[in-house]
Amino acid sequence: MASYGHVRDLPPKDGSVDPEHDFDMKWEVSPSSKKQIRAIETAVKGADKLILATDPDREGEAISWHVLDMLKQKKVLKDMPVERVVFNAVTKKSILEAMENGRELDNDLVEAYKARRALDYLVGFNLSPVLWRKLPGSRSAGRVQSVALRLIVSREMEIDQFKPQEYWSIAADMINESGEAFNARLTNFNGKKLDKFDLANETLAREAEAAVKNSLLTVASVEAKPAKRNPPAPFTTSTLQQEASRKLGFNASRTMQVAQRLYEGEDIGGETVGLITYMRTDGVQMTPEAIDDARDAIAAQFGANYLPGSPRIYRTKAKNAQEAHEAIRPTDLARTPQDIRTFVSDEQLKLYELIWKRAIASQMESAAFQRTTVEMTNEDGTVGMRANGSVLTFDGFLTLYQEGVDDSDGDEDSNRLPKLTEGEKPKTIAVNADQHFTEPPPRFTEASLVRRMEELGIGRPSTYASTLSTLRDREYVHMDRNRFIPEDKGRVVTAFLEKFFNRYVQYDFTAGLEQQLDSISAGELDWREVLKDFWRDFIAAVDDTKELRITEVLDTLNDVLGHHVFPDKGDGSDPRLCPTCGAGQLSIKTGRFGAFIGCSNYPECKFTRPMAGDSAQDAAGGDKELGTDPETGMAVTLKSGRFGPYIQLGEKTEENEKPKRSGIPKGMDKGDVDFDYALKLLSLPREVGLHPESGKMITAGLGRYGPFVLHDGKYANLDSIEEVFDVGINRAVDAIAQKAQRGGGRNQAKILKDLGKHPDDDGPVQVLDGRYGAYIKHAKINATLPKSIDLDDLTLERAVELVAEKAAKSGKKKPKAKTKAKSKAKTKTKAKAKTKAKAKTKAKAKTKTKAKTKAKTASPKADETADTSSDDS
1239 MASYGHVRDL
1249 PPKDGSVDPE
1259 HDFDMKWEVS
1269 PSSKKQIRAI
1279 ETAVKGADKL
1289 ILATDPDREG
1299 EAISWHVLDM
1309 LKQKKVLKDM
1319 PVERVVFNAV
1329 TKKSILEAME
1339 NGRELDNDLV
1349 EAYKARRALD
1359 YLVGFNLSPV
1369 LWRKLPGSRS
1379 AGRVQSVALR
1389 LIVSREMEID
1399 QFKPQEYWSI
1409 AADMINESGE
1419 AFNARLTNFN
1429 GKKLDKFDLA
1439 NETLAREAEA
1449 AVKNSLLTVA
1459 SVEAKPAKRN
1469 PPAPFTTSTL
1479 QQEASRKLGF
1489 NASRTMQVAQ
1499 RLYEGEDIGG
1509 ETVGLITYMR
1519 TDGVQMTPEA
1529 IDDARDAIAA
1539 QFGANYLPGS
1549 PRIYRTKAKN
1559 AQEAHEAIRP
1569 TDLARTPQDI
1579 RTFVSDEQLK
1589 LYELIWKRAI
1599 ASQMESAAFQ
1609 RTTVEMTNED
1619 GTVGMRANGS
1629 VLTFDGFLTL
1639 YQEGVDDSDG
1649 DEDSNRLPKL
1659 TEGEKPKTIA
1669 VNADQHFTEP
1679 PPRFTEASLV
1689 RRMEELGIGR
1699 PSTYASTLST
1709 LRDREYVHMD
1719 RNRFIPEDKG
1729 RVVTAFLEKF
1739 FNRYVQYDFT
1749 AGLEQQLDSI
1759 SAGELDWREV
1769 LKDFWRDFIA
1779 AVDDTKELRI
1789 TEVLDTLNDV
1799 LGHHVFPDKG
1809 DGSDPRLCPT
1819 CGAGQLSIKT
1829 GRFGAFIGCS
1839 NYPECKFTRP
1849 MAGDSAQDAA
1859 GGDKELGTDP
1869 ETGMAVTLKS
1879 GRFGPYIQLG
1889 EKTEENEKPK
1899 RSGIPKGMDK
1909 GDVDFDYALK
1919 LLSLPREVGL
1929 HPESGKMITA
1939 GLGRYGPFVL
1949 HDGKYANLDS
1959 IEEVFDVGIN
1969 RAVDAIAQKA
1979 QRGGGRNQAK
1989 ILKDLGKHPD
1999 DDGPVQVLDG
2009 RYGAYIKHAK
2019 INATLPKSID
2029 LDDLTLERAV
2039 ELVAEKAAKS
2049 GKKKPKAKTK
2059 AKSKAKTKTK
2069 AKAKTKAKAK
2079 TKAKAKTKTK
2089 AKTKAKTASP
2099 KADETADTSS
2109 DDS
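Going by my numbering, the sequence shown opens with residue 1239, and the numbers climb by one from there.
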């Protein structure tokens, strides 16, 4: 019987973890788990033995503990024997072996889980309210989440502050005496070995270029050395996430969702087969049986020369042996990707192929190279050139698999060099002097960020996916070409935490906590002592912020983020001078929607703009006049408001109290808006023509959700922004008709996916396309589909959980229905009393009787729900 993940958690309210009483923890059963727990409880009553077979990691041990603890509280176990079994692969052999080797619950792992959960709760529940009070618009803070955000923001600040440095290189295209081409670079000039920045300008570069052109070079030495490249280890959780990001374009969440399906298994030949081993692991080793299977597959498919003399043994970097499970590998290495092609989805096949190739390659022979370095010099030794190259002499594991690389990496064995001999005089064909500028460090991809977090020891591989999803969901970052870019909200939160909670966003502090959790898992530390040490200093830091004034926070933000929000325009002017009043100073301010830039002369000067702009003009916040409207004679101005840039026609006057405005389309750079495009924006909404059936006008415009056509109060989306300017009557009518066919009314959303019947009432559970995004519908309950869940990966079980959670939340609000009924009755009473002033006593008595009757009978369903919700609460 499945538990469907964690069955209990700490409720998000004060007192769930009590530091005053030895960190006592109050657990609450999730609404979606109640039915399953009842089913497990019923099954246990008729059993003679309980076997706990949850996932083989710390979280899995915790789920077993939760289930066992709840059953003990129900007093249904009595003297029943209980065993904990673990298996790393969902195969018949693995499960049967596990059943023969049951053990007791590992209490050390459970205590490590409790410590981690308590830490996350104490940080989130105490730090997030500080952000809400001091930084309106901020969403949350977290023990690992905030440190990961700091990595992204710090990298962006490096990029902002980066100043490129010029340097030159000299390279020559040459041929040997056999006429084979190769390339060489200048390494020595005027008897000095060149460093990267020695040729710092064009004058020096041209001088060196001329010297090479005028030199007759002779090969002074040829050094050839054999080299080998060993295959990488089988996948761990983090390396799988990195490689899937590089090669397949999967984010961490998607990778883990697809891997979960491969682990749970697919129907292959009439039997459900788990295709890979457990996908949350720090381990890099494979079992001896798997190594033997890999070696058999290598010998059969590639030949004996691709098989090393002895098996390769990899060592894990994980410090906690209890959690260092087997690497991620196929459960049966003889099962090739081709064998499962017809049984799995395209995503599953791609990921399985990646895992299979990596596992097989890890046991293959090394690739062999001949690396050659050729030194050349002229007669007087004033010019020295060097040519490097490699020749692949045996491809080894590279015949099957080559690991992907990030921005800073490169393939050192990709350059080939022809045969050159000492004393040979190669001919120079051309000499090139190339100008270069140093480049800022690249923004993080998911792969490089996961690798950096792993290097620093921040978080756990199993948490990386959820951590990165949280940063996106909180809108602290956004993705551009698969790279993390911090939003201003993320910069502000990081700046605040670095100033007032610096210790808790330090990389070594967070990594140190992870090491302590590992020590708890190993039975070396007491979990409550770890919490005491953490809580003592942390709560003191939180208390220190209670008297912190908003002005102090804003002064800090202006100091830390000044270079970003007030960049130097390069003309000697003050970047903080208000462009509207010309006297006030611009500074960061906070409002209910987050941080923005405002003038110090408020309320006399009401100038505001978003925190960041796309150019120096934006940063200064000044208006830009684009031209004069030929029809009205009014100025067309590009302005910046708190909610972004917009176009305005004319200025606000007594005669023109509400100047016409049009927002810049989302995703469009302010600098791309010229006068002609501004006029097009101001022309919206435009009339398209009369609908041939209704005779009513169809209009086209830009709204909050993009371009649209409107007819008789009903909207239909257009495919592109440009289409809104030239859409004709035929296309508009067609778009409206298609929207009606899909169910375009507010209560007729398009069905995106039919998940099946609800286990409680057999009612349909569907995913619909709503105005604000996809949502799950069952009966009268609509639950938003989180951004972190891909529609293709959504299961009926997960949808039922989300519906139950929404029902629980909605139920707490329903008691208000009774209050509304009473309020309505009182209003009617007052109205009747006024209209019957001549018979006050009789009218009031009659009205009061009616009011009582109405209050008792109004909306019985709402009252019944309210009472039930109160009991549940």
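All C-beta atoms in this analysis are idealised placements derived from N, C-alpha and C, irrespective of residue type, glycine included.
Beta bridge pairing from DSSP links N1670 with A1409.
In this structure, N1468 is the residue among L1478, K1657, D1534, N1468 with its C-alpha nearest to the C-alpha of L1636. D1618 and V1669 have their C-alpha atoms spaced approximately 20 angstroms apart. In the structure shown, Q1608 falls within a strand segment according to DSSP collapsed to helix, strand and coil. Three or more Cβ pairs closer than 8 angstroms define a contact, and the stretch 1474-1484 falls short of that threshold against the stretch 1569-1578. Judged by pairs of C-beta atoms under 8 angstroms, the stretch 1497-1510 does not touch the stretch 1449-1456, as fewer than three such pairs exist. Judged by DSSP secondary structure, A1625 falls within the beta strand (DSSP E) whose first and last residues are 1621-1632. In this structure, L1940 sits away from R1354, with a CB-CB distance that is not shorter than 8 angstroms.
In the DSSP annotation of this structure, Y1501 is not part of any beta strand (DSSP E); the continuous alpha helix (DSSP H) holding it starts and ends at 1490-1502. About 7 angstroms separates the beta carbons of L1306 and L1343, which is inside the 8 angstroms limit, making them a contact pair. In terms of Cβ geometry, I1566 and F1473 form a close pair [threshold 8 angstroms].
Three or more Cβ pairs drawn from the stretch 1398-1405 and the stretch 1656-1675 lie within less than 8 angstroms of each other, which places the two stretches in contact. The three-state reading of DSSP puts M1935 in strand, counting E and B together.
For M1872, there is no enclosing alpha helix (DSSP H), as DSSP marks it with neither H nor E. Under the 10 Å beta carbon count, L1956 is surrounded by 16 or more other beta carbons and is classified as buried. Burial is judged here by how many other beta carbons sit within 10 angstroms of a residue's own beta carbon; M1602 has at least 16 and is buried. The closest CA to that of N1364, considering only D1806, D1252, H1304, is found on D1252. Rounded to whole angstroms, the gap between the alpha carbons of G1547 and L1630 is 21 angstroms.
In the three-state DSSP reduction, D1358 falls in the helix class (H, G or I).
Here T1846 is near G1836, since their CB atoms are less than 8 angstroms apart. Secondary structure in the stretch 1284-1320: the beta strand (DSSP E) runs of 3 residues or longer, each lying completely within the stretch, are 1288-1290 in chain order. Ranked by Cα distance from R1371, the options R1654, K1784, K1485, G1622 are led by K1784. For Q1601, the secondary structure class from DSSP, reduced to helix, strand or coil, is coil.
Taking the Cα positions, E1445 is about 12 angstroms away from D1436.
Counting only runs of at least 3 residues, the stretch 1932-1973 fully encloses the following beta strand (DSSP E) elements, listed from N- to C-terminal order: 1935-1941, 1944-1949, 1952-1955. Here P1464 is exposed: its Cβ has fewer than 16 other Cβ atoms, across all protein chains shown, within 10 Å.
Looking at the DSSP output, E1613 sits in a beta bridge with S1459, R1624. Per DSSP, N1796 lies in no beta strand (DSSP E); the unbroken alpha helix (DSSP H) holding it starts and ends at 1788-1803.
Within the stretch 1667-1744, the complete alpha helix (DSSP H) runs of at least 4 residues fall at 1684-1694, 1699-1711, 1726-1738. DSSP, read as helix, strand or coil, puts Q1274 in helix. Per the coordinates, the alpha-carbon of T1525 lies some 13 angstroms from the alpha-carbon of R1553. Its chain contains K1372, T1828 as the residues whose beta carbon lies nearer than 8 angstroms to that of I1788, once the 5 sequence neighbours on both sides are disregarded; these appear in chain order. Counting along the chain, E1892 sits inside no beta strand (DSSP E), nor does DSSP assign it H or E at all.
Proximity to T1620 across L1455, P1664, V1282 peaks at L1455, based on C-alpha coordinates. Bridge pairing for T1828: A1833 [DSSP]. Annotation: the continuous alpha helix (DSSP H) that includes I1578 extends over 1575-1578.
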